[in-house]
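Undergrad:
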Amino acid sequence: MFQYIIKRIAQVIPLLLVISFIVFSLIQLAPFDVIDSLATPNMTAEQIELLKEQHGLNQPFLVQYYIWLDNIWNGNFGHSLLTHHNIADDLAEKIPNTIALVLPAYLTALILAIGLGLLSAAHRGKWLDRFIDGFASLGIAVPTFWFAMILIYIFGFRLNLLPFIGMYSLGKEGDWGDFLAHLALPYLTLVMAFMPDLIRYIRTSAIVEVDKDYVTVQEAFQASKKEIFGRHIVRNILLPIVTQIGLALPMLVTGALITETIFAWPGVGPYLTSATKALDYPVIMAVLLFSATLVILGNLLSDILYSIVDPRISKGGGS
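Anchor point for the sequence shown: position 40 equals 40 in the UniProt record's numbering, and the numbering is continuous, going up by one each time.
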């Protein structure tokens, strides 16, 4: 298994290089560049050329890429053109805020989805299955921002029970009660955003197991449905659930862009939105690269967890 993990890690390194090159190339191909963000209408051509020289934009493409990659390798993501803050410091501040919102929401959604997905599969074709499947379909169809606005209207305006802007009230930074009150609405929004797809996924995985021969054998021995699901089916759908946990890693940072922006949660979402509006390319490149890296690491984590749960994977056996 150790050799399998080392092999997978070795495969990730060149992939990260390719991703970094693609991110850098896409930004270079954008219709506007850093100079468009910095230049003013009163600048002369000589002043614009001086700006290009100061930012290294007069260098060949590959030289610019090498310099950027070398800076990234050394932890230097550059400075925001909008705020002039160090991007690495900004991300170090905002990523934990996003994780504090997304992680509990995803874990709650996963736990509820496992229960509802198994319940739906156990009553396949009956009214309970149709109700749960209909609920999941409705959740998939409803846009996240619309559900967020409904929560804001009901609990923020009509009932005036919960705050809906920011992470703390002014002067209450560090107050856990105030934090939880601000967390409630975006947390509920994300639970409802994550859960429907997970319900469908787990329901489908459980139904596949229900149709297998070992379930028929258990039924022939008069095992109860509770025993079949609790002892056998849950164990066998562990693999696809583990896969989902690994693939969910990128969502810890980028899974709440819309929700964070709506609730003004001080995470990666508003940070990227502001950077995009202001053509703050250093920030955009840093967030895109970080997000792409998390996707790759999520797949790596998924493979590693898969190989731990099912050692046949690392030995080259069947899945």
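From the three backbone atoms N, C-alpha and C, an ideal C-beta is built for every residue, glycine too.
Name, in chain order, the residues that DSSP records as bridge partners for His79.
TA: Asn86
Undergrad: Please state whether DSSP places Val215 in a helix, a strand or coil.
TA: helix
Undergrad: Could you say which of Thr189, Asp213, Ile165, Leu188 lies nearest to Asp178 if we only look at CA atoms?
TA: Ile165
Undergrad: When burial is assigned at 16 or more other CB atoms within 10 Å of the CB, is Val217 buried or exposed?
TA: exposed
Undergrad: Which stretch, first to last residue, makes up the alpha helix (DSSP H) that contains Arg203?
TA: In this chain, the alpha helix (DSSP H) harbouring Arg203 covers 176 to 210.
Undergrad: By Cβ distance below 6 Å, which residues in the same chain neighbour Ser137 in space, the five residues on each side in sequence not counted?
TA: none
Undergrad: Applying the 10 Å Cβ sphere with the 16-neighbour rule, what's the burial state of Arg200?
TA: buried
Undergrad: At the level of alpha carbons, what is the spacing between Leu62 and Ser80?
TA: 22 Å
Undergrad: So within the stretch 23 to 74, which uninterrupted beta strand (DSSP E) runs reach at least 3 residues, ignoring any that extend past its ends?
TA: none
Undergrad: Considering only their Cβ atoms, is the gap separating Gly117 from Ala193 smaller than 8 Å?
TA: Not closer than 8 Å, so no.
Undergrad: Rounded to the nearest angstrom, what separates Ser319 and Arg8 at their Cα positions?
TA: At Ser319, the pLDDT of 40 sits below 50, so the modelled position is not reliable and the matter cannot be decided from this model.
Undergrad: Cβ atoms of Ile27 and Ile284: under 8 Å apart, would you say?
TA: Yes, they are a contact pair.
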